[in-house]
Amino acid sequence: MKNEASSSNSKEESLVVDCGRRRSSCGYCKSAGRTSISHGLWAHSITVNDYQDLLDRGWRRSGCFLYKPEMERTCCPSYTIRLKASDFVPSKEQRRVYRRMQRFLDGTLEVGKPMELADDPNASKHTSSSVNDLVSNSSGNESLSCGTKRENKAEEFMNHLSNQIDKVVHAYIESGEFPSGIQLPKAAVKMVSHAKRKLSVQGSEDLLYSSNIAFQIAATLRRTRSTERDVQKLRTSKHSAEEVDLCPKPIAEKLAASLNQLANIPELSIRACNGHINFYSTAKFGSSGKDDQVFSLPEESGSRSQSSSTKKSSEHCQGQKRKLEIRMKRSTFDPEEYALYKRYQIKVHNDTPDRVTESSYRRFLVDTPLFFVSPSTDGMAPPCGFGSFHQQYIIDGKLVAVGVVDVLPRCLSSKYLFWDPDYAFLSLGKYSALQEIGWVKENQAHCSSLQYYYMGYYIHSCRKMIYKAAYYPSELLCPLRYQWVACHIARPLLDKKKYAVLSDFASLQDGESSQSCIPESAMELQHDENGLEDSNDVLMGEDEQMIEIESESSDEELEPETSVLGSAAIDDGDVTNVLVGLRGSRLRYKDLQRAFGPSERNYLETQLHSYQRVVGVELSERMVYSLG
Numbered sequence: 002m003k004n005e006a007s008s009s010n011s012k013e014e015s016l017v018v019d020c021g022r023r024r025s026s027c028g029y030c031k032s033a034g035r036t037s038i039s040h041g042l043w044a045h046s047i048t049v050n051d052y053q054d055l056l057d058r059g060w061r062r063s064g065c066f067l068y069k070p071e072m073e074r075t076c077c078p079s080y081t082i083r084l085k086a087s088d089f090v091p092s093k094e095q096r097r098v099y100r101r102m103q104r105f106l107d108g109t110l111e112v113g114k115p116m117e118l119a120d121d122p123n124a125s126k127h128t129s130s131s132v133n134d135l136v137s138n139s140s141g142n143e144s145l146s147c148g149t150k151r152e153n154k155a156e157e158f159m160n161h162l163s164n165q166i167d168k169v170v171h172a173y174i175e176s177g178e179f180p181s182g183i184q185l186p187k188a189a190v191k192m193v194s195h196a197k198r199k200l201s202v203q204g205s206e207d208l209l210y211s212s213n214i215a216f217q218i219a220a221t222l223r224r225t226r227s228t229e230r231d232v233q234k235l236r237t238s239k240h241s242a243e244e245v246d247l248c249p250k251p252i253a254e255k256l257a258a259s260l261n262q263l264a265n266i267p268e269l270s271i272r273a274c275n276g277h278i279n280f281y282s283t284a285k286f287g288s289s290g291k292d293d294q295v296f297s298l299p300e301e302s303g304s305r306s307q308s309s310s311t312k313k314s315s316e317h318c319q320g321q322k323r324k325l326e327i328r329m330k331r332s333t334f335d336p337e338e339y340a341l342y343k344r345y346q347i348k349v350h351n352d353t354p355d356r357v358t359e360s361s362y363r364r365f366l367v368d369t370p371l372f373f374v375s376p377s378t379d380g381m382a383p384p385c386g387f388g389s390f391h392q393q394y395i396i397d398g399k400l401v402a403v404g405v406v407d408v409l410p411r412c413l414s415s416k417y418l419f420w421d422p423d424y425a426f427l428s429l430g431k432y433s434a435l436q437e438i439g440w441v442k443e444n445q446a447h448c449s450s451l452q453y454y455y456m457g458y459y460i461h462s463c464r465k466m467i468y469k470a471a472y473y474p475s476e477l478l479c480p481l482r483y484q485w486v487a488c489h490i491a492r493p494l495l496d497k498k499k500y501a502v503l504s505d506f507a508s509l510q511d512g513e514s515s516q517s518c519i520p521e522s523a524m525e526l527q528h529d530e531n532g533l534e535d536s537n538d539v540l541m542g543e544d545e546q547m548i549e550i551e552s553e554s555s556d557e558e559l560e561p562e563t564s565v566l567g568s569a570a571i572d573d574g575d576v577t578n579v580l581v582g583l584r585g586s587r588l589r590y591k592d593l594q595r596a597f598g599p600s601e602r603n604y605l606e607t608q609l610h611s612y613q614r615v616v617g618v619e620l621s622e623r624m625v626y627s628l629g
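First residue of the sequence shown: 2, per the numbering used here; consecutive thereafter.
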């Protein structure tokens with residue numbers, strides 16, 4: 002398969018082979034059986050307009066393989082998520098990521114490349130997703146590298162505290178203190194700046210860290226309760242509804258009491274205050290006014306010297322200005338990109354070298370069935386044209402990240418991003434997402450129809466996917482009526498059940514669209530963003546990668562859909578105008594059906610009904626259904 006379908010010397014048409022239903026193990030919920038169910042098409046070629054319309058019906062691609070989850074049957078329903086670039090409102094964390102990159106490029110931010118974090122993907126994600134301004138600009142004589150070490154220690158310690166809170170929440174769920182049928186948010190502990198610190202009542206303790214997890218848990222419980230018809234479902238067998246209080250204050254008090262017993266950090270006192278969980282220092286440090294007080298994690302002394310020596314061996318030089326170039330190139334194989342991809346998969350995803358082959362890389366991220374459409378000056382295409390591209394991020398001549406994207410008539414669709422593990426501290430996943438959103442805004446001047454940024458799939462039951470909704474105001478695609486519904490409107494319904502007809506809430510969206518403020522549910526996502534997956538770097542394309550890997554394994558099953566389509570469903574559609582390709586000819590099925598016997602015709606019509614159901618009537622009459 003060539004890298005990109007050519008449009009110069011051939012008629013542009015979408016030519017697909019229907020692969021039918023596909024069952025495989027799920028990489029998200031890790032179920033033991035083949036519970037992930039999707040419909041597959043193999044695309045020999047496809048026009049950008051047809052692929053755009055497929056995206057708007059819930060399809061995605063992995064190389065030349067197109068797939069659409071069967072939402073009512075699959076274990077982890079995957080909703081297409083998009084953002085209108087001109088309406089984007091960056092969160093505080095997203096702005097911080099952008100400023101951090103600017104300081105790095107200006108030479109005012111010196112950091113040690115955290116090589117040791119590349120060996121621990123979880124550590125890498127937490128470091129990249131939480132960027133705190135801990136380097137003091139007023140302390141000119143102090144080494145910035147020391148500030149960076151303190152920052153890394155602070156990040157590590159805050160992650161430790163967040164994990165302790167999550168353990169307590171999990172324990173309460175198992176004991177029945179909290180309801181077990183809903184997805185509660187992860188905790189995020191943040192450092193309190195010196196300007197905002199207040200002495201405790203006793204006057205001898207300094208407020209260092211705080212978490213608003215109780216507010217998020219209370220909001221989740223309230224949303225779930227408001228959508229439950231039977232309030233009894235929120236009650237446990239041990240506690241009354243009054244005891245399962247939906248206010249942040251009692252939840253925070255309950256968590257703080259358990260944390261004091263679990264945390265085992267003598268230097269800290271943990272107390273609840275007006276719904277917040279606060280962490281106070283029990284030692285007296287005077288009034289230095291610095292924000293750099295951190296603690297060591299329990300039982301961590303053995304790895305401390307090794308961590309320091311690793312950082313020293315890979316420090317950037319302070320004061321050196323750097324140049325960032327972002328290059329958009331058509332999807333072709335590049336040895337330098339493949340080397341970076343291989344290192345990323347091994348270091349970040351812990352893949353074994355034998356799994357990261359050149360052939361699998363080509364199939365996954367280089368091969369594409371999309372026709373390339375040349376740029377035009379009539380406002381019909383952006384300067385790069387339409388098609389599949391690799392967006393290279395180059396710092397001082399070194400390739401540090403590659404974003405794999407499809408540029409389509411109405412959107413930029415982000416497929417995957419891989420990056421140099423040495424640069425995890427720059428949160429390249431979040432930064433690339435901000436750049437891609439900015440790219441859409443800029444190119445609207447050249448192509449007015451190009452307005453949206455597609456982020457792949459959103460799986461509400463998968464915690465690692467929640468970060469996508471932090472790009473506000475994002476929308477989810479209704480899996481039944483293919484209407485777009487604001488994410489903050491759809492979330493209460495998804496809190497209750499994995500599969501939902503989101504357009505049932507469309508009327509609420511109309512009622513709230515005129516509000517100028519960011520909804521409470523969206524603010525919760527932005528507050529909790531530090532504890533979530535870094536944007537684009539792992540999950541933005543992990544669904545596509547799993548498709549590629551599974552298609553080579555014995556754990557996959559392709560089958561026709563005759564067993565699930567009832568007679569009513571089969572009779573609903575008219576397949577006579579489906580465009581069929583047979584031995585080089587293109588015919589409507591009505592002009593071809595007499596060439597088949599009764600049994601062959603019945604089987605083929607069953608397949609055509611199934612095909613038409615998943616791609617829609619319009620596309621079934623426009624794309625070529627290949628019979629060989």
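Heads up, the beta-carbon is just placed ideally off N, CA and C, and yes, glycines get one too. Small disclaimer: the values here were computed from a predicted structure and weren't measured.
Buried/exposed call for residue i, threshold 16 Cβ in 10 Å
i	result
K154	buried
R584	exposed
Y173	buried
A340	exposed
A446	exposed
T369	buried
R61	buried
H610	buried
E243	Confidence at E243 is low in this model, with a pLDDT of 41, below 50, so its placement is unreliable and no value can be given for it.
C248	exposed
V90	exposed
G34	exposed
T353	exposed
T81	buried
N603	exposed
K31	exposed
Q613	buried
Q452	buried
S636	Any property of residue 636 remains undetermined from this structure, which presents the chain solely from 2 to 629.
D88	exposed
Q262	exposed
Whole-Å CB distance - residue i paired with residue j, under 8 Å assumed
i	j	result
H40	G21	7 Å
A253	A215	4 Å
C76	S37	6 Å
P410	V49	6 Å
Beta bridge counterpart(s) of residue i as assigned by DSSP
i	result
T221	Partner(s): none; T221 has no beta bridge.
Y80	Y459
E326	I395
S627	G582
D207	S282
S43	Ser is not the amino acid found at residue 43; the sequence shown has Trp there. Per DSSP, V18, F66.
A402	Y394, W420
V273	Here the sequence assigns Ala to residue 273, which means Val is not the residue at that position. DSSP output for A273 lists I278 as bridge partner(s).
S37	S25
R589	L580
K191	S211
K85	Y453
R331	F390
Residue i and residue j closer than 8 Å at C-beta
i	j	result
V579	E622	yes
F390	V406	yes
R323	I396	yes
G457	R58	no
D19	Y590	no
L208	N279	yes
S433	A471	no
L371	G386	no
S462	K499	yes
D496	Q184	yes
T632	P186	The displayed coordinates of the chain run from 2 to 629. Any statement about residue 632 would go beyond what the structure contains.
F373	G64	no
Residue i: CB within 7 Å of a non-hydrogen atom of the ligand PLP
i	result
C274	Among the components modelled here there is no ligand, and therefore nothing to report on the ligand PLP.
Cβ of residue i within 8 Å of any chain D Cβ
i	result
N160	Absent from the structure is chain D; it holds one protein chain and no more.
Whole runs of the beta strand (DSSP E) within the segment 406-489, excluding any shorter than 3 residues: 412-420, 453-459, 475-478, 485-487
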